[in-house]
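**Q** Would you mind keeping the following structure in view while I ask a few things?
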Amino acid sequence: MKKILLQLDTDAQPSVFDAVTAYDGGADIVLQYCAITPVNVVPLLHGVMFTRGGEGIKNSAVFIGGSDVAKGEALLDTIKSNFFGKSRNSVMHDSNGCNTTAAAAVAKLSRTIDLRGRKAVVLAGTGPVGLRAALFLSDEGASVTVTSRRLEKAGKACEYLENRFGAKVEPAKAHDEDSTRKVLEGATVVLCTGTAGTMLLPEVIWKGHETLKALADLNAVPPYGIENIGARWDGENVGGQVLFGPLGIGKLKLKAQRTCVGRLFETNDLVLDAREIYKIVKKMQ
Amino acid sequence: MKKILLQLDTDAQPSVFDAVTAYDGGADIVLQYCAITPVNVVPLLHGVMFTRGGEGIKNSAVFIGGSDVAKGEALLDTIKSNFFGKSRNSVMHDSNGCNTTAAAAVAKLSRTIDLRGRKAVVLAGTGPVGLRAALFLSDEGASVTVTSRRLEKAGKACEYLENRFGAKVEPAKAHDEDSTRKVLEGATVVLCTGTAGTMLLPEVIWKGHETLKALADLNAVPPYGIENIGARWDGENVGGQVLFGPLGIGKLKLKAQRTCVGRLFETNDLVLDAREIYKIVKKMQ
Amino acid sequence: MKKILLQLDTDAQPSVFDAVTAYDGGADIVLQYCAITPVNVVPLLHGVMFTRGGEGIKNSAVFIGGSDVAKGEALLDTIKSNFFGKSRNSVMHDSNGCNTTAAAAVAKLSRTIDLRGRKAVVLAGTGPVGLRAALFLSDEGASVTVTSRRLEKAGKACEYLENRFGAKVEPAKAHDEDSTRKVLEGATVVLCTGTAGTMLLPEVIWKGHETLKALADLNAVPPYGIENIGARWDGENVGGQVLFGPLGIGKLKLKAQRTCVGRLFETNDLVLDAREIYKIVKKMQ
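Protein chains in written order, with the numbering used here: chain A, 146 to 430; chain B, 146 to 430; chain C, 146 to 430.
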């Protein structure tokens, strides 16, 4: 019996990245669907819930993707509420790669340094990856600050994290060198999750910073978020500071996504969202 | 050479149910297409007619699905008229699961009792499954009545059966307990194919009914069509009456659909619509 | 690692023909995408560029199809400009089958007769296949004339060939028996690429023509482009003249398309458009 992954994408075209990665993760067949909403998803879901009985049902699983995390979360909630009893399939949510990318970055940081009781800052952290990273850093015991150019936006992002995941993180405004320097006071860890091509952390701030020991950057388009980082750095030690560039993290992200898809076919009752994915990725190292 | 099934769906999204079942039935690859009409189907059809010569052509086949049986039938007619000589592929029509579901139900009833000369009633039988079931019951030699809440609707349904399949069945109105009791007078077999969640046949009528010996219900959402039936009953004997619930029938329906898809790849000239599918399913038991 | 072909189609439905042929050519999985433009293609392309590192990247390739060659060429140009360094995948362009069909026809003609210094005429040659054929004939050393019912249209077609491929061919008007007879004066080779069902070359002109030695016709719907040709003729010798009908050429076209798709997975840096495809097809014979 073929392992069939139902790829539900909220965008106008289903992601090629997710499909290729699913095949590499062990799916035999990926059924690609796009423009999926909580309304049109139900009959599609029934197509995996009711076609394979008994042990066979674990050979059908669901992947939720697309660029919009809020839409992906709404789909996940709808799907979970339509399962009943043993009539359920394993499901993974990774809209915009938010979970696997953030999990890969934080797993690398947490391997570098014990995060318990440390201050961690996610610069430009209100996007899908930044918020997941803040959650994982917080779960690791760090005291987390999420920054934005607008304090209000950072505040709303923190509210979201508390409402959906019960995580408490601090909002802060960081819009220039001075405010960035200030928010990093006493921080051990910093992660940049800003817009592609935008430098957020000048070398003059990070290099030789008194407390910063582990730094990571997820911006893959130069100029990078951390000035003068190497995109392929994967634990580069620069005078006692350890740095991870976007491509260094990207390898683990890709492996993480493949691994998680593979897990979906082991039982029929997995729900892989943020924390479940982080747990898997942390053990992968 | 891979066995490729061209899934032509008349709905806005192609059915996941049909795709998964096709893979389980032996297709190596299912090419999923949606929003298919008699106009846009032609170039797609050419894509299976002209890509594999000689013996190879039987490795490409066509499946017509979607929620609208009339649209599916129009597609089937167009496809058949576009084949010529040896340039043809096997094709199966099962819009809304009409053929495989009705075939599974009637096959179970016909195994229970010899239908020749008996009266069979299809309650709320003007939908796609009910009409196919009426056809199969009629072909088995039963004298068939199809009911609706509106006599006119039942009449039109019977006209359709005569026009498309040359089958003669009787229309009747059944909208409450009295009219239902009346239409069942002298009936040996009853099948409920009404709307999900609508009870059609109260226990006070069916239980211990003088002539009713075999009863089946295809409504899978409680309350079921036959009051106090068990959804998983698969030939349950209740005081001499034999009952089949929706999930009991559903297992055979699923197996029927897989088997029929598998048959498509044995030769290149099968046309599996109502009667051809019933023949296959009857032999499966 | 599965060989994955990203099928990018510019039409509203992705071609079934191209998908089936890709599977027969060696693709394990074809990801079908439709309505592709230079704008929406970029994230899809990233999905094959960034999912498989090192040697693995050659297991992902791109196929551009659809009925509109200009749209296909625009896609090809966009795709090529988005590759960088080793981050690239092999890509094939064959919108409307233009390259494989024309290559098959000209390969057959060039096997029949040395084309160097000969006059070759492409009747009704301003469509996608005719233009590619004119290019290949010209590359083989023939002096090529492309005809149309309107001289202006033929002229524009020739400009296109010079602008995109640097090939010089002559435009001519051929709209009736006299003008057709005139354009064929001194010609050794003629290829008909007109509209399906339109006869372009009456037997009274071609049969026993003083100089015409090799004739080919790509119109597969009777009446054929060359009067009284056999659709399956594959090098039929009629009194010293050699003729190729649409189905005779079609076999090689199909084999050519399969072979080219297979090549895509051998390295990650092939760009198979007109000339590269012709080279492959010529060696196939």
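Heads up, the beta-carbon is just placed ideally off N, CA and C, and yes, glycines get one too.
Remember, predicted model here, so these are calculated numbers, not experimental data.
Give me the Cα-Cα distance between C:PHE410 and A:ALA401, rounded to the nearest whole angstrom.
**A** 26 angstroms
**Q** Is it buried or exposed, A:LYS264, if we count other Cβ atoms within 10 angstroms and call 16 or more buried?
**A** buried
**Q** Can you pull out the residues from the segment 153-170 of chain A whose beta carbon lies closer than 9 angstroms to at least one beta carbon of chain C?
**A** ASP156, ALA157, GLN158, PRO159, SER160, VAL161, PHE162, ASP163, ALA164, VAL165, THR166, TYR168, ASP169
**Q** So does the segment 238-255 of chain A actually touch the segment 383-400 of chain A, counting three or more Cβ pairs closer than 8 angstroms?
**A** yes
**Q** Just the Cα atoms here: how many angstroms apart are A:ARG326 and C:VAL193?
**A** 39 angstroms
**Q** Is B:GLU133 buried or exposed, if buried means 16 or more other CB atoms sit within 10 Å of its CB?
**A** Lying before the first or after the last residue shown, residue 133 of chain B is absent from chain B, which here runs from 146 to 430.
**Q** Under DSSP, the alpha helix (DSSP H) around C:GLU304 begins and ends at which residues?
**A** 296-310
**Q** Going by C-alpha distance, which of B:VAL266, B:MET146, B:ASN227, B:VAL187 is nearest B:VAL335?
**A** B:VAL266
**Q** My understanding is that A:SER205 touches A:ASN227, with C-beta atoms under 8 angstroms, so please give their C-beta distance in whole angstroms.
**A** Their Cβ separation, rounded to whole angstroms, is 14 angstroms, which puts A:SER205 and A:ASN227 out of contact at 8 angstroms.
**Q** Would you mind reading off the limits of the alpha helix (DSSP H) that contains B:SER255?
**A** 243-257
**Q** Using only the alpha-carbon positions, how far apart do A:LYS358 and C:ASP154 sit?
**A** 49 angstroms
**Q** Figure out for me which residue from A:ALA365, A:LEU360, A:CYS405 has the closest Cα to the Cα of A:GLY385.
**A** A:LEU360
**Q** From which residue to which residue does the alpha helix (DSSP H) around A:ALA401 run?
**A** From DSSP, the alpha helix (DSSP H) with A:ALA401 extends over 391-409.
**Q** In chain C, which residues lie less than 9 angstroms from A:LEU399 when you measure between Cβ atoms?
**A** PHE195, THR196, ARG197, GLY198
**Q** First and last residue of the beta strand (DSSP E) that includes C:ALA319?
**A** Per DSSP, C:ALA319 belongs to no beta strand (DSSP E) and is neither H nor E.
**Q** What residue does the beta strand (DSSP E) around C:LEU220 start on, and which one ends it?
**A** Taken as a continuous stretch (DSSP letters only), C:LEU220 belongs to no beta strand (DSSP E), being part of the alpha helix (DSSP H) at 214-227.
**Q** Which residues, taken in chain order from the segment 269-303 of chain A, show a beta carbon closer than 9 angstroms to some beta carbon of chain B?
**A** none
**Q** Establish whether the CB of A:MET429 and some CB of chain B are separated by less than 8 angstroms.
**A** no
**Q** Which same chain residues end up closer than 6 angstroms to A:ALA376 when comparing Cβ atoms and leaving out the 5 residues on each side of it in sequence?
**A** GLY390, PRO391, LEU392
**Q** Using DSSP with H/G/I as helix, E/B as strand and the rest coil, what is A:ASN234?
**A** coil
**Q** Contact between the segment 189-203 of chain A and the segment 158-168 of chain A is defined here as three or more beta-carbon pairs at a separation below 8 angstroms; is this criterion met?
**A** No, the segment 189-203 of chain A does not touch the segment 158-168 of chain A.
**Q** I'd like to know whether the C-beta of C:ASN364 is nearer than 8 angstroms to at least one C-beta of chain A.
**A** No, C:ASN364 does not count as interfacial toward chain A.
**Q** Consider the Cβ of C:LYS225: report whether some Cβ of chain A lies at a distance smaller than 8 angstroms.
**A** no
**Q** With C:GLY283 as the anchor, note down where its alpha helix (DSSP H) starts and where it stops.
**A** Per the sequence presented here, residue 283 of chain C reads as Ser, with Gly not at that position. From DSSP, the alpha helix (DSSP H) with C:SER283 extends over 273-284.
**Q** Can you pull the chain B neighbours of A:LEU189, defined as C-beta to C-beta under 7 angstroms?
**A** GLN158, VAL161
**Q** Report yes or no: do the segment 276-285 of chain A and the segment 309-317 of chain A share at least 3 C-beta pairs separated by less than 8 angstroms?
**A** yes
**Q** Measuring only between beta-carbons, confirm whether A:LEU221 sits less than 8 angstroms from chain B.
**A** no
**Q** Considering only residues of the same chain and omitting the five flanking positions on each side of A:PHE195, which have a CB-CB separation below 8 angstroms?
**A** Once the five neighbours on either side are set aside, the close Cβ partners of A:PHE195 are SER232.
**Q** Take B:SER324 as the anchor and find which of B:LEU346, B:ALA215, B:CYS179 has the nearest alpha-carbon.
**A** Nearest C-alpha to B:SER324: B:LEU346.
**Q** Measure from the C-beta of A:LEU409 to each C-beta in chain B and report whether the shortest distance is under 8 angstroms.
**A** no
**Q** Run the CB neighbour count on C:ALA319, radius 10 Å, all protein chains shown included, and call it buried at 16 or more, exposed below.
**A** buried
**Q** Residues of chain C with CB under 7 angstroms from B:ILE174, in chain order?
**A** TYR168
**Q** For a contact meaning CB atoms closer than 8 angstroms, what does C:LYS147 contact in chain A?
**A** Listed along chain A are TYR168, ASP169, each with a C-beta nearer than 8 angstroms to that of C:LYS147.
**Q** Give the range of the alpha helix (DSSP H) segment to which B:ALA361 is assigned.
**A** Segment 359-362 is the beta strand (DSSP E) holding B:ALA361; no alpha helix (DSSP H) there.
**Q** Label C:THR182 either buried or exposed according to how many other C-beta atoms from any shown protein chain fall within 10 Å of its C-beta, with 16 as the threshold for buried.
**A** Exposed, since its Cβ has fewer than 16 Cβ neighbours within 10 Å.
**Q** If you measure between the beta carbons of C:VAL291 and C:GLY275, is that distance less than 8 angstroms?
**A** yes
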